């Protein structure tokens, strides 16, 4: 409007007209346009529950000790609490010269939704000490929402919004909200002036102080699809024409989500998202700058696709959560105008996914410019939870405290809850945006969902934060009360106190020295740094001044009294801005305590006993937690086998109270019983000792195993059980990892050794120690097997002969969408899945076995020819997939299809036989979730059968219980034993030198079929110096075979030269002469008669260090005495031999 409304009738008519105009959704609306809040009469009130009762949490502050400051988060509150309206898409600002004045705005509607109010406005002039003033139905008239609230240096309140005519409007108050005047900023460009932002120059010394800037995206008109900006030099009354900021950057689709801010010298900046392709996420961040009050501008792409259509998609635009709230990577920007060391720095933040430094779930990132936007840093990750943990962070907003230069960011965060829910976190940086510390600011969680009755997944498209004088005010919306409401938490930054609390001690005389490092953005008040202490339970009775000892370090000492006592204390520090902190936070209700007394309390050990261990896994590691009131001196393990001698081994402190060690490599056999206990000793003068268990020993048995299986669980977050591409809600009821757990439990119960890890974080170096790797996605529908490095390691594993079983009802779809060229990871699909194209979700289909005589359906369990597959919970797609098998690869077969398929050649169970050898299976692919197979006994039988068939060529048909090697000089002795044998023809002994190939060196017959233990040995004679590997090739009478594990030996060179007596002696007509040389060199070995005449030369060349045997054939010589002589370097030796014919 251009003037105040003068008539209640006119006002009522206009409000009614506004409500009516938004009562229907225009189905032809461009999906790129997000801002205009509107009613969706088709959605219904899906999430409206009139019986919901909100119970307010306990109103207590929360304290965080960050690296350089203490943070107090005061209880959350609502500026305007209601039960019959909604508030969303929140914006807040603080008076640049008076931190008691805050002004906020939000999109507001009736609840249940029955129309639109527009931009509600709320304010306080005493920092919330008394209730805020505010209106959901704005006093300057209803509008189409999208609020941007800002306060000028002169105290004017401004709120920008989309006008009811789809142009841009602004409302202004000069008296803290008592009266308002509204103006038009820009008319409708043709369709909509969308996703607007508003700012005012807040630098008192700027040549453009109090100049107002408004920016948005035009849809329609001369600047359609581009970001434009206007400015006003008379407090919003009149405006410049539109200036196009983005067209010079050639967005392939459009530019949107603009955010504006001003610099310390009158600069004005704009940041926005660029979409080079649509639909899709954000491809670049655009940046525009003006140094003459917005009259002229320069623009550049500063992140992402730096040239148009360069194919870099980092954004998250689309939907999150099972409820499909809409999200985007619109940027938020702030500029340091504090005059401090980072004055002029520009900070821009947004959420991104799957582009460094973000993980495969949405993370908050930030870039900065230290030179007015000419150059930009690489992004840093703002949220500090573990990367790739399946937790969403989104809707960030940033600000700079202009008194301290601290950067504050607020965002929704799921790190502490299931990913279908969220709380609100803040991150702050005091080093110019290089590093961030995070802390929680919401005191309740909620489940994000669209506001029932509003369109398009709308929950609000951003939240806000304002900060000044070491106080920050994050402002967000959540529906903990049953309706979406705006919430604020006052966050107070106090001096940072770094202190290591005193532990219990046996020193009763003291003094007890208390040291702390104390810093603050403002100078410390040295008279207000205190140590408050007391002696006796709960007593805090005395105060000591802490003395500065330089480098921000302070100290004070509590006196002892020579008797056993309990001491309590806390530290208080206040700076010159009269902002205080305590350590610990929350003192005096919270305080440190320690006891001075002779210690007689032993440590406490927490340990989960070890289960039975497969022989192939021995020795195993052991972990425990050990704590003590004055500290732990040492932790060690004690172990014995079958009641024998006790061996002790160390357990090292790995972090905190955690200790770990490895059992010694004691000789064990299948059936042995291992007994162990953990011993912890404390630091006391008494050396108090504790054991776990307190008496006796933990026990486990050494067992045989049918195979060692690695189960990789990729079903870790509920949000990834819903397909953003297909829609519908996935299975939210089944436990996470239900399929992986079924694999693990079934195989362990069947005599295998199955170990389960998370797919995204597994250490791939362990792969080679497993016989089979199972990749389990279960009913997960999106981001399946998302860690590309792990996928690549699985491909390498199977190309080297490793066995895999892959399972999941949406694996086929994710890795190869039907009807497109999408191919997420061709090597993984072709080598592990062995499928080609995705065909269908095959809803309600059951597994139809096409090869009922295949061992996978009969060994060791007989399976039915039709196997029921249930539909997973929800309306999702995670139960099953139909895929085509990989063509042109010999050995790829489908063993089952779907009962309701129209293409019988397609597969539900696919296998790969390398080299088309049907006796060997390398890969199995279940295109369904094993957890949905019914009944569960059939699922268990199918699992056991599949792994049994994968193991067929790996499992030796003889139960080999040991295989060892020992060396004496150049003789290698091999010994092995079996527990049982079936159809055992015998063992070929194979040897390879170094990295060469195996060759057969011997054969030892077997015992056929027997249940008795048998022992075998083989002696490999005259083995040259070097490294050797031996293995057994166990042969069945039918010609099938399998290899044992390998043993390695090292044959060392002799230590001295030697010439041995020939054997036999006397001889006829041949004898053997042995000699040894400890180093490489020339060797001559010759034979002489009694006259000293040389009659034979046996060796006359260079020889490697080692032991040698030479055969001397004297069949042409006469009987008599002969001599043989060796010369090797300086070594010479002669021996006599007798030939008797």
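Numbering (my numbering), first residue to last: 851 to 1991. Glycine included, C-beta positions come from ideal geometry on N, C-alpha and C. Small disclaimer: the values here were computed from a predicted structure and weren't measured.
Contact check, residue 1181 vs residue 1157 under 8 Å by CB: the rounded distance?
Going by Cβ atoms, the distance from residue 1181 to residue 1157 rounds to 19 Å, so no, they are not a contact pair.
What are the boundary residues of the alpha helix (DSSP H) that residue 1828 is part of?
Premise fails: residue 1828 lies in the beta strand (DSSP E), 1821-1843, not in any alpha helix (DSSP H).
Reference residue 1608; option with closest CA among 919, 1904, 1238, 1679
Ranking 919, 1904, 1238, 1679 by Cα distance to residue 1608 puts 1238 first.
Using the Cα positions of residue 1060 and residue 1440, report the straight-line distance between them to the nearest angstrom.
Computed Cα separation, rounded: 46 Å.
Reducing DSSP to helix, strand and coil, say where residue 1376 ends up.
Reduced to three states, the DSSP call for residue 1376 is strand.
What did DSSP end up calling residue 1882 once you bin it into helix, strand or coil?
In the three-state reduction of the DSSP assignment, residue 1882 falls in the strand class, which pools E and B.
According to DSSP, is residue 1394 helix, strand or coil?
Strand at residue 1394.
Let me confirm a value: residue 878 is counted as buried when at least 16 other C-beta atoms fall within 10 Å, else exposed. Which label applies?
With a pLDDT of 42 at residue 878, under the threshold of 50, the modelled position of this residue cannot be trusted, and the question is left open.
Any idea which residues DSSP pairs residue 952 with across the strands?
Beta-bridge pairing links residue 952 to 944, 974.
Terminal residues of the continuous alpha helix (DSSP H) containing residue 1801?
Where residue 1801 is concerned, the enclosing alpha helix (DSSP H) stretches over 1786-1801.
Beta-carbon proximity list for residue 984, same chain, < 7 Å, skipping 5 on both sides:
Counting only Cβ-Cβ distances below 7 Å, and skipping sequence neighbours, we find 929, 930, 970, 971, 972, 973.
May I ask you to report which of helix, strand or coil DSSP gives residue 1678?
Helix at residue 1678.
Can you give me the Cβ contacts of residue 1933 inside the same chain, cut-off strictly under 6 Å, excluding the 5 residues immediately before and after it?
Around residue 1933: 1949, 1953, 1978.
DSSP three-state label for residue 1401, please.
For residue 1401, the three-state secondary structure derived from DSSP is coil.
Proximal residues to residue 1043 (C-beta, below 7 Å), its chain only, five neighbours per side dropped
Same-chain partners within the cutoff: 1012, 1016, 1017, 1018, 1036, 1066, 1068.
Nearest-angstrom beta carbon gap, residue 1106 and residue 1123 [assumed within contact, 8 Å]:
Right, the Cβ-Cβ distance comes to about 6 Å (below 8 Å), so this counts as a contact.
Under the DSSP definition of a beta bridge, which residues are partnered with residue 1869?
BP columns for residue 1869 point to 1823.
Pull up the distance between the alpha-carbon of residue 1566 and that of residue 1614, whole angstroms please.
Distance between the alpha carbons of residue 1566 and residue 1614: 18 Å.
Cα separation between residue 1969 and residue 1926?
Spanning the two alpha carbons is a distance of roughly 28 Å.
In chain order, what residues of the same chain have a beta carbon less than 8 Å from the beta carbon of residue 911, not counting five sequence neighbours either side?
Excluding residues within five positions, the ones whose Cβ falls inside 8 Å are 922, 923, 924, 925, 1436.
At the level of alpha carbons, what is the spacing between residue 1645 and residue 1315?
So the alpha carbons of these two residues sit roughly 47 Å apart.
Run the CB neighbour count on residue 1871, radius 10 Å, all protein chains shown included, and call it buried at 16 or more, exposed below.
Residue 1871 counts as exposed, since fewer than 16 other beta carbons sit within 10 angstroms of its beta carbon.
Give the DSSP-derived three-state secondary structure of residue 1565 in the structure shown.
In the structure shown, residue 1565 sits in coil (DSSP, three-state: anything other than H, G, I, E or B).
Per DSSP, the bridge partner or partners of residue 1294
In DSSP, residue 1294 forms no bridge with anything.
Quick check: does the Cβ of residue 1802 come within less than 7 Å of any heavy atom belonging to the ligand MN?
Of ligands this structure carries none, so the ligand MN is not represented either.
Count the other CB atoms within 10 Å of the CB of residue 1671; is the residue buried (16 or more) or exposed (fewer)?
The predicted model places residue 1671 with a pLDDT of 49, which falls under 50 and marks its position as unreliable; any figure quoted below should be read in that light. By the neighbour-count criterion, in which a residue is buried when 16 or more other Cβ atoms sit within 10 angstroms of its Cβ, residue 1671 is exposed.
Give me the Cα-Cα distance between residue 1302 and residue 1737, rounded to the nearest whole angstrom.
Taking the straight line from one Cα to the other gives about 49 Å.
Our contact map puts residue 1920 next to residue 1962 with C-beta atoms below 8 Å; I'd like the distance itself, whole angstroms only.
The pair is a contact, with the Cβ atoms about 6 Å apart (cut-off 8 Å).
Just the C-alpha distance for residue 1514 and residue 1493, rounded to the nearest angstrom, thanks.
For residue 1514 and residue 1493, the distance between alpha carbons rounds to 16 Å.
Tell me, please, whether the segment 1548-1567 touches the segment 1852-1866 by the rule of three or more beta-carbon pairs shorter than 8 Å.
Too few Cβ pairs lie closer than 8 Å, so no.
What does a CB cutoff of less than 6 Å around residue 1669 pick up in its chain, not counting 5 residues either side in sequence?
Because residue 1669 sits at a pLDDT of 44, beneath the cut-off of 50, its placement in the model cannot be relied upon, and the following sentence gives the value as read from the coordinates. Nothing meets the Cβ criterion.
Count the C-beta pairs between the segment 1224-1239 and the segment 1203-1214 that are closer than 8 Å, then say yes if the count reaches three, no if not.
Enough Cβ pairs lie closer than 8 Å, so yes.
Out of 1571, 1039, 1518, point me to the one whose CA is closest to residue 1466's CA.
Of the listed residues, the one whose Cα sits closest to residue 1466 is 1518.
With 8 Å as the threshold, decide whether the Cβ of residue 1527 is near any Cβ in chain C.
Structure shown: chain C not included; a single protein chain is present.
In the DSSP assignment, the alpha helix (DSSP H) including residue 1646 goes from what residue to what residue?
Start and end: 1638-1649.
Can you check the segment 1247-1297 for any beta strand (DSSP E) of at least 3 residues that lies completely inside it and give the ranges in chain order?
With a minimum length of 3 residues, the continuous beta strand (DSSP E) runs that stay inside the segment 1247-1297 are 1257-1263, 1273-1279, 1287-1290.
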